[in-house]
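Asks: I have a structure here, written as structure tokens, and I will follow up with some questions on it.
Residue numbers (my numbering): 167 to 260.
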């Protein structure tokens, strides 16, 4: 016994082909966009600095890295307002 296709089934099959083509187009465009980014970055100058051999050049107004600073005389923390003491406090009281 063969099945009889209704008009709705025929329309669904007819409309599926253009949808599949647009799906493929969207996928190809996405792949090309990501490959474009990859190839643009492929020929850029690397930003890695090999530390012991070469030191990084800092801007003139660079203020240094954040660090927990101690007074040499008393051994207490010298507050510079970086809130680093809050992160290193073991009982999280600060």
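Just so you know, even glycine gets a beta-carbon here, dropped at the ideal spot from N, CA and C.
These figures come from a predicted structure and were not determined experimentally.
With a CB to CB cut of under 8 Å and the five nearest residues on each side skipped, what residues in its chain are close to residue 221?
Replies: Residue numbering aside, residue 221 sits at position 55 when the chain shown is read from its first letter. Result list for residue 221: 215, in chain order.
Asks: Using CA atoms only, rank isn't needed, just tell me which of 246, 228 and 227 is closest to residue 234.
Replies: Looking up residue 234 in the chain shown gives position 68. The shortest C-alpha separation from residue 234 is found at 246.
Asks: Could you tell me which residues DSSP puts in a beta bridge with residue 236?
Replies: Within the chain shown, residue 236 is the residue found at index 70, counting from 1. Residue 236 is bridged to 243.
Asks: Give the secondary structure of residue 250 by DSSP, where H, G and I count as helix, E and B as strand, and everything else as coil.
Replies: One-based indexing of the chain shown puts residue 250 at position 84. Residue 250 falls in the helix class under three-state DSSP.
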